[in-house]
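If you read the sequence shown in my numbering, its first letter stands for residue 56, the second for the next number, and so on.
We put the CB at the ideal spot given by N, CA and C, even for glycine.
Worksheet for the structure shown next.
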Amino acid sequence: MFIEYSEEQTMLHDSADKYLRENYSFENRQATVKKSRGFSAEQWQMFADLGWLAMTFEEEAGGFGGGALETMILCEQFGKYLVLEPYLESVVLVGGLIAVGAQPAIKEHYLSGLMAGELQGALAYLEEGNVANPHYVETKAEVTGDGYVLNGSKAVVLNGPEADMFLVSARVGDSSIDAKEGISLFVVDKSRQGLHCNNYKTYDGRSACELQLDNVALNADALVGEIGNASAMAAPIFSRAIVAVCAEAVGAMDALLEATVDYTKQRKQFGQSISSFQVLRHRMVDMYMEIELTRSLLMATAWKLDNGAEDAEQCVAALKAKVGKAGRYVSHNAIQLHGGIGTTDEFSVGHYFKRLAAIGVMFGSRDSHLSRYMQA
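Okay, structure coming up:
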């Protein structure tokens with residue numbers, strides 16, 4: 056399969072790389088990590104001004120009609136520069152779900168705010184009993200006369216501390232706690248009475264929270280999509296989100312390989328740079344091959360999603376499994392070739408390592424996606 060970027064996609068790639076290279080240094084990123092807020096509000100607003108936050112929404116909603124390929128191009132650059140801003144959490148996931156299922160009034164209000172950089176969102180769908188399974192949902196939504204009442208708790212709600220609103224999964228009725236059917240999604244403003252957040256930092260520098268819902272009352276229009284059909288509605292959005300994090304992983308691996316090659320040229324042993332040692336050259340070539348094989352699968356998967364190919368979901372599973380293997384191989388070798396300096400907080404290599412480790416378990420582990428691939 057031969058995939059060539061369009062002129063607009065090439066411009067997106069080049070402009071994103073240029074802007075982040077000139078305005079998103081590792082030092083500035085580390086200064087942002089140490090602040091109480093999980094990202095830079097100024098950078099987020101600039102992303103909105105550049106059109107990145109509106110890029111993948113339909114033109115009728117005020118977006119630019121981009122697809123999985125555009126998401127891939129942008130997120131690859133985000134991974135290369137360790138971008139902290141919650142594009143995945145707020146735009147790809149929350150924005151994508153609202154765009155496909157929310158009531159017109161809810162859609163108009165929240166999508167415009169998300170695209171303008173004025174609102175933040177977070178998807179609360181994982182629970183403590185089984186965080187590896189998005190269909191494990193104990194949170195209950197009781198139907199009342201004019202809406203719903205939610206009770207339960209959510210774990211690892213990424214971007215939760217900064218979110219203005221949440222999309223919360225809950226069961227309406229008596230379906231099994233791990234069944235795909237029976238799950239519904241609800242829009243919950245952060246100001247709702249009965250909603251409590253326990254905020255914390257993740258080990259890769261992001262922000263997250265544990266969410267507690269105690270008799271949270273919602274209007275009927277807070278329902279996103281049809282009752283009990285959230286899993287089917289969310290499936291294509293999750294596929295695009297997987298492409299996004301895998302693209303971020305490819306960008307991170309690119310940066311790790313570049314840093315490793317540069318370091319081995321500078322470090323000397325026995326009077327010569329260690330990059331001249333054949334065994335280390337072979338290892339860096341293996342790193343390069345892992346990255347390029349992953350990139351090829353990433354591009355093919357994004358193209359298949361955009362074109363509705365029959366095997367698109369199978370490719371998504373294969374891609375996530377491949378990223379789990381390649382990310383581990385490249386990051387571990389980068390640490391080993393750098394030595395102790397690669398694990399220090401002042402050096403970027405360790406932070407790429409942490410981000411790749413986090414991506415490896417997001418939306419399911421390598422083993423779970425290998426099983427999904429075999430079933431497909």
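Taking 8 Å as the cut-off, the Cβ atoms of Ala304 and Ile414 count as close. Closest option to Val340, judged by alpha-carbon separation, among Val385, Gly228, Asn362: Val385.
By the Cβ-count criterion, Gly237 is buried, with 16 or more other Cβ atoms from all chains shown falling within 10 Å of its own Cβ. Scanning Leu392, Val155, Ala277, Trp99 for the CA closest to the CA of Val198 turns up Ala277. The beta-bridge partner set that DSSP reports for Ser239 consists of Ala225.
Shown here, Ala431 sits in coil according to DSSP, grouped into three states, outside any helix or strand. By the CB criterion at 8 Å, Trp99 and Gly172 fall inside the cutoff. Asn254: member of the beta strand (DSSP E) spanning 250-256, first to last residue. The count of Cβ pairs closer than 8 Å, one atom from the segment 292-302 and one from the segment 146-162, reaches three, so the stretches are in contact. DSSP, read as helix, strand or coil, puts Met354 in helix.
For Ala171, no alpha helix (DSSP H) run applies, since DSSP gives it neither H nor E. For Ala263, the closest C-alpha among the options Ala290, Met354, Pro141, Asn274 is that of Pro141. Classified as buried, Ala71 has 16 or more neighbouring CB atoms from the shown chains inside 10 Å of its CB. The straight-line gap separating the alpha-carbon atoms of Gln333 and Thr319 is approximately 12 Å. Taking one beta carbon from each stretch, the segment 209-228 and the segment 168-188 have 3 or more pairs nearer than 8 Å; the two touch. Spanning the alpha carbons of Leu392 and Cys301 requires a straight line of approximately 24 Å.
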